[in-house]
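Colleague: The structure under discussion is supplied below as structure tokens; questions concerning it will follow.
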Amino acid sequence: MVQSLLISSTKKSSGKTIISIGLSGLANNLGYDIQTFKKGPDFIDPSWLTLASRRPCYNLDFNTMGQRK
């Protein structure tokens with residue numbers, strides 16, 4: 844069983860979120876408990892991921908940014 848899965852691309856607007864939503868919904872319908880994450884300033888995509896996974900989608904930006912100096 845896959846413990847984690849990362850979906851990425853070399854460019855924006857390549858369908859990463861659509862694939863993520865589809866896989867999240869499928870996994871949820873098969874009875875898997877999954878957690879989704881998103882990066883970037885978009886506030887709509889996490890809402891779709893939350894609906895598909897039935898769990899809150901968390902934004903990773905605050906965890907990957909360094910401290911201001």
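Be aware that the sequence shown starts at 844, since it is given in the numbering used here, and climbs by one per residue.
Using N, Cα and C, we set each Cβ at its ideal position, and we do this for glycine too.
1) With DSSP as the reference, please indicate the residues paired to asparagine 902 in a beta bridge.
2) Count the other CB atoms within 10 Å of the CB of aspartate 876; is the residue buried (16 or more) or exposed (fewer)?
3) When the Cα of alanine 870 is compared with those of Ser852, Lys854 and Arg898, which residue comes out closest?
4) Among the candidates Leu866, Ser857, Ile850 and Leu903, whose CA atom is the shortest distance from the CA of phenylalanine 886?
5) Using CA coordinates, which residue listed in Ala895, Lys882 and Asp888 is at the minimum distance from glycine 874?
Modeller: A quick look at the data gives this:
1) Lys881
2) exposed
3) Arg898
4) Leu903
5) Ala895
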